[in-house]
Each structure stands twice: as C-alpha cells, then as structure tokens.
Amino acid sequence: MSYVIMPRRQGVEADILQHYRQVNASTLGHLTTEGYLPGLRPRVEQCHMVGNVVTVKLFPPDGAILREALLLSQPGDVLVIDSSADEHCACWGELRNLAGLIKQLAGVVVVGAVTDITALRCQRLPVFSLGISAVTTRSLAERGEINTSLHVMEGTIHPGDLALGDDDGVFMVNARQAVELLPQLLLKEQQDQQKRTLLAQRLKACCSARQ
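The sequence shown begins at 190 in the working numbering and counts up one residue at a time.
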C-alpha cells in the first residue's frame with residue numbers, strides 16, 4: 190500500500206459558504222473564467238452544490254482510497270476526484286453515493302467517469318463527471334492520495350478550495366478569490382432578480398394586451 194493522506198483543510202469559512210448558496214455558477218462565470226472545469230456535466234438535474242473541497246487522486250483501476258476519503262470528509266464537503274488517468278474507468282457509483290449521502294456530502298466532482306447513472310439520478314446527491322462508464326475501478330488498495338493538490342484541465346485544485354456547481358457547470362474557487370468576489374456576486378444576483386421580476390411583469394402585460 191502506498192497512500193498519501195494529508196489532513197483535511199477548511200479553506201473557506203462557514204459564513205462565506207452560506208452566502209455562496211445564493212450564487213449561480215453562471216453568475217460567477219460572468220466575472221471570471223478562473224477555476225472553471227470545462228466538460229464536467231451534472232448527473233442530477235436541478236442541483237446546486239456548494240462546499241469545502243476534499244481532493245482525491247486515483248490511480249485507476251485502483252479506487253480503494255475513496256473509502257478513506259469518505260471517512261475523512263465532513264458534512265458539507267465536496268469530494269473532488271481526479272480519475273483522469275483512465276477516463277473510461279468509473280470510480281463512483283450507487284453504493285459510494287449512498288455512503289456520501291450518509292456522510293452528508295454537499296456533492297462529488299469526478300474528473301473521469303461515474304457508473305450506476307440511474308441510481309445516482311434517483312439518489313439526488315449532486316454529482317458531476319466527464320463521462321459515464323460500465324467499466325469500474327476495483328479495491329486494490331495499492332496507491333492513492335487524499336488532500337494533495339490536483340493538476341487537472343490546465344489548472345490546479347487545492348484542498349480547502351470552494352466548489353460551486355449547478356446545471357450549468359462547476360467552478361473551483363480558492364479561499365482568497367471566494368472572499369474577494371462575493372460582494373460582486375451577491376450584487377449581480379440581486380440585480381438579476383430585479384430584472385427578472387421586471388421582465389416577467391412586462392411579459393404578463395404583453396400577453397394580457399393580446400387577449
């Protein structure tokens with residue numbers, strides 16, 4: 190066994206995480222492209238994920254270290270799993286998803302594939318992945334890393350980052366950036382809601398005039 194397991198990091202304070210529950214991924218995408226993970230797709234519709242990142246580095250087909258990651262994680266965390274060494278070898282499925290629900294994870298992000306997609310959709314835990322596969326990892330317990338930096342998609346994800354995801358995609362935001370961007374994000378969400386209400390009123394008036 191060759192595991193590297195570093196302590197969990199809480200990079201973003203709970204009050205900042207709470208504010209981000211009001212923020213959509215596309216709102217963040219209006220302000221920056223930094224931290225966006227292209228190609229990741231939600232496997233659950235109408236989801237919204239905000240949480241503290243716990244990173245996992247896999248060496249497919251070995252997925253055994255995910256058990257240790259689930260044990261180490263805390264309620265509200267997001268597991269970010271780098272399984273990109275074999276994007277067709279699914280590392281996350283129905284049973285691990287149930288364990289994630291018991292652990293009260295905020296979500297799971299897999300840079301790679303997931304399996305048991307019908308069950309994942311029914312269980313409703315926010316899960317994002319590059320793909321879906323019937324080929325899966327095995328519990329070899331040979332190699333793996335927890336809470337080390339992940340170098341994926343031409344960027345770096347650190348344990349303790351903030352993960353924000355919904356039906357439009359996923360961002361990873363470092364603690365400093367999360368604090369700096371928050372006032373602008375909350376203001377834009379407020380402005381967008383005002384515009385949404387105004388346009389809805391205009392649309393209703395327009396439809397009434399046509400009747």
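Note that beta-carbon positions come from the ideal geometry of N, C-alpha and C, so glycine has one too.
| Considering only the beta carbon of each residue, do V239 and A295 sit closer than 9 Å? | yes
| said: Suppose you measure from the CA of S273 to the CA of V341; what does that come to, to the nearest Å? | reply: 8 Å
| With burial defined as no fewer than 16 other Cβ atoms inside 10 Å of the residue's Cβ, what is the status of C278: buried or exposed? | buried
| message | Looking at the secondary structure, which residues open and close the alpha helix (DSSP H) in which T222 lies? | response | Counting along the chain, T222 falls outside any alpha helix (DSSP H), and DSSP gives it neither H nor E.
| said: I want to know whether the region 201-214 touches the region 280-288 - three or more CB-CB distances under 8 Å. | reply: Contact fails: fewer than three Cβ-Cβ distances are below 8 Å.
| field | Given M307 as reference, the closest of R232, Q211 and T386 once Cα atoms are compared | value | Reading the sequence as shown, one finds Thr at residue 307 and not Met. The residue with the shortest Cα to Cα distance from T307 is R232.
| task | With DSSP collapsed to three states, give me the class of L319. | result | strand
| query | Whose CA, out of G320, A352, A258 and T326, lies closest to the CA of H237? | reply | A352
| Nearest-angstrom Cβ-Cβ length linking E257 and Y192, presumed shorter than 8 Å | 7 Å
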